[in-house]
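Report on the structure given below.
Protein chains in written order, with this note's numbering: chain D, 2 to 319; chain X, 1192 to 1455.
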């Protein structure tokens, strides 16, 4: 494999179970040393893509090369190059953190001294020194995720797959994990990650692919995608229903939540746009006012015309 | 790459399984308790009457003669009991996330299974030692020489190896841990329809034919001969043949089940 070859090349990838289509012709290219984020709601097919690229699943059709190897014909080559941290913890809960790391070092065929050093380095780097000799069973969610990632990285893979790496983590653990991903990229590692959070893709990824119902509906840098998405929305909570109704009439594109007395007005992020919303609002009629930046729902609404939750593969025309 | 590292990876997986056995000993203790319970039951409850009916004692056989008669069967039930536990352990292991990780790594895949099998054979070794100690405690004495004992140990290891490959396959084929704990139950039933507890001559035709031709009978008869210092005869070759056949089928079956790429 030469330096000019992309780390991942996927053309026309499909996968279906019976007549249920999970992936419906996905094309993507990830250059070496970059971070690619697959963004999409549950059921969009993100995990299926990761499972196929990491040789856990056979593709239906398509040309798929990972680290220069064909996933169908040369799975061993793919496996030697990759590291995978899935959505569900892939640790041995009966073993201690140290034993888990040692297991991975041994399976990566590191020699005794290198393995021992690598285990110590990983324990320190992932802040697991104090818990090193406790069973992984007793670890918190964040610690399990760090151990999982340490087990993936101990063999120094050139390409790592992270399937929803921060789902269920507290904000601090999430930031720690982001820092680790950035370190890896600085070392020249290629990363493909899946996420439901736009801000995560925004923070980490060079390119983002928006996956919806088994198809890539948009692809680009975070800035490119955001240009296609309104800047978010302004959320105004009123003091009474009459004022809410009046404001709703003035903004036909807004969504009304009558119970919460709240109006959500799409906003392009500009000062002029914000001023248009504020005009016609009185201090005594407004209980709360927030300006929200674009989230996954906004991206989805703008790119697919339907909210993220409603995205089931069946609804996508073939 | 995969073949070059098969031995090293198997050793690594064996270490993993030995740690599991150490961390979770309650299952292992249960598996040894079962044959010991049968031993006590058969010697003290049935032993007096059964001993009198043993051939070659002219009706003068007693409890201690019966103990000598059933010791080989109890030892083989110990092996079967641990093998049953291995089906459960394998099925449980397959539900954990780390198996998916192993599948994404460039390792000799079958080492996941050889780790289970070798770990189980070592576990069986411990179980057999404990049960043998009980058998001696109850008054068993053997005329076997060094050769007989070595042969018995070798045969038990071979039986453990073959039954374990079979139960690893059952563990992999099971769709749940509950199924995995049920399918190998026949391994605990079969010794009752063999020469383990009564001579097969005492059984009605049909059942007797089954008992004489099923794999446990030559295994038990060989072990009995080795432990009493008697000649093993053709039973030895039958027992070895069954062991090789069961190991081979169990290995090929398990390997096929584990290596297939999951469809979903």
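From the three backbone atoms N, C-alpha and C, an ideal C-beta is built for every residue, glycine too. Keep in mind it's a predicted model, so treat the numbers as computed, not measured.
Which of helix, strand or coil DSSP assigns to residue i
i                      : result
residue 212 (chain D)  : strand
residue 1442 (chain X) : helix
residue 170 (chain D)  : coil
residue 222 (chain D)  : coil
residue 55 (chain D)   : coil
residue 140 (chain D)  : coil
residue 1430 (chain X) : helix
residue 177 (chain D)  : helix
residue 294 (chain D)  : strand
residue 1327 (chain X) : helix
residue 1361 (chain X) : helix
residue 1307 (chain X) : helix
residue 184 (chain D)  : helix
residue 6 (chain D)    : coil
residue 1221 (chain X) : helix
residue 204 (chain D)  : helix
residue 1263 (chain X) : helix
residue 1369 (chain X) : helix
residue 60 (chain D)   : coil
Contact list for residue i against chain D, beta-carbon separation under 7 Å
i                      : result
residue 1291 (chain X) : 57, 87 and 91
residue 1200 (chain X) : 108
Cβ pair residue i, residue j closer than 9 Å
i                      : j                      : result
residue 34 (chain D)   : residue 68 (chain D)   : no
residue 202 (chain D)  : residue 38 (chain D)   : yes
residue 1184 (chain X) : residue 1313 (chain X) : Shown here, chain X extends from 1192 to 1455; a query on residue 1184 (chain X) therefore has no answer.
residue 93 (chain D)   : residue 1300 (chain X) : no
residue 215 (chain D)  : residue 31 (chain D)   : no
residue 1351 (chain X) : residue 1282 (chain X) : no
residue 36 (chain D)   : residue 193 (chain D)  : yes
residue 11 (chain D)   : residue 66 (chain D)   : yes
residue 1385 (chain X) : residue 1411 (chain X) : yes
residue 212 (chain D)  : residue 16 (chain D)   : no
residue 1391 (chain X) : residue 1413 (chain X) : no
residue 1430 (chain X) : residue 1406 (chain X) : yes
residue 1269 (chain X) : residue 1319 (chain X) : yes
residue 170 (chain D)  : residue 142 (chain D)  : yes
residue 1278 (chain X) : residue 1359 (chain X) : yes
residue 1334 (chain X) : residue 1424 (chain X) : no
residue 236 (chain D)  : residue 1295 (chain X) : no
Burial state of residue i, where buried means 16 or more other Cβ atoms lie within 10 Å
i                      : result
residue 52 (chain D)   : buried
residue 43 (chain D)   : exposed
residue 1220 (chain X) : exposed
residue 185 (chain D)  : buried
residue 1422 (chain X) : exposed
residue 279 (chain D)  : exposed
residue 250 (chain D)  : exposed
residue 315 (chain D)  : At residue 315 (chain D), the pLDDT of 37 sits below 50, so the modelled position is not reliable and the matter cannot be decided from this model.
residue 138 (chain D)  : exposed
residue 209 (chain D)  : buried
residue 1293 (chain X) : buried
Among the options, nearest to residue i - alpha-carbon criterion
i                      : options                           : result
residue 1450 (chain X) : X:1363, X:1259, X:1228 and X:1313 : X:1363
residue 1303 (chain X) : D:44, D:104 and D:170             : D:104
residue 111 (chain D)  : D:157, D:274 and D:258            : D:157
residue 182 (chain D)  : D:223, D:229, D:210 and D:147     : D:147
residue 1346 (chain X) : X:1242, X:1213 and X:1416         : X:1416
residue 1418 (chain X) : X:1268, X:1332, X:1196 and X:1380 : X:1332
residue 40 (chain D)   : D:196, D:56, D:207 and D:289      : D:196
residue 96 (chain D)   : D:149, D:88 and D:209             : D:149
residue 14 (chain D)   : D:55, D:134 and D:60              : D:60
residue 1309 (chain X) : X:1203, X:1222, X:1435 and X:1425 : X:1203
residue 1368 (chain X) : X:1285, X:1353, X:1215 and X:1236 : X:1285
residue 261 (chain D)  : D:191, D:117 and D:238            : D:238
residue 1435 (chain X) : X:1334, X:1327 and X:1354         : X:1354
residue 1253 (chain X) : X:1330, X:1400 and X:1427         : X:1330
residue 160 (chain D)  : D:84, D:128, D:137 and D:115      : D:84
residue 88 (chain D)   : X:1294, X:1243, X:1288 and X:1234 : X:1288
residue 274 (chain D)  : D:234, D:301, D:302 and D:257     : D:234
Contact list for residue i against chain X, beta-carbon separation under 7 Å
i                     : result
residue 83 (chain D)  : 1295
residue 68 (chain D)  : Per Cβ cutoff of 7 Å: no residues; residue 68 (chain D) is ~11 Å from chain X at best.
residue 104 (chain D) : 1203 and 1207
residue 100 (chain D) : 1210
Interface partners of residue i on chain X, CB under 9 Å
i                    : result
residue 80 (chain D) : 1294, 1295, 1296, 1297 and 1298
Chain X contact residues for residue i, given Cβ-Cβ distances below 8 Å
i                    : result
residue 95 (chain D) : 1210, 1211, 1214 and 1215
Contacts that residue i makes with chain D (C-beta to C-beta distance below 9 Å)
i                      : result
residue 1235 (chain X) : In chain order: nothing, as chain D lies at least about 38 Å away.
residue 1196 (chain X) : 108 and 110
Partner residues on chain D for residue i, Cβ-Cβ distance less than 8 Å
i                      : result
residue 1288 (chain X) : 87, 89, 90, 91 and 92
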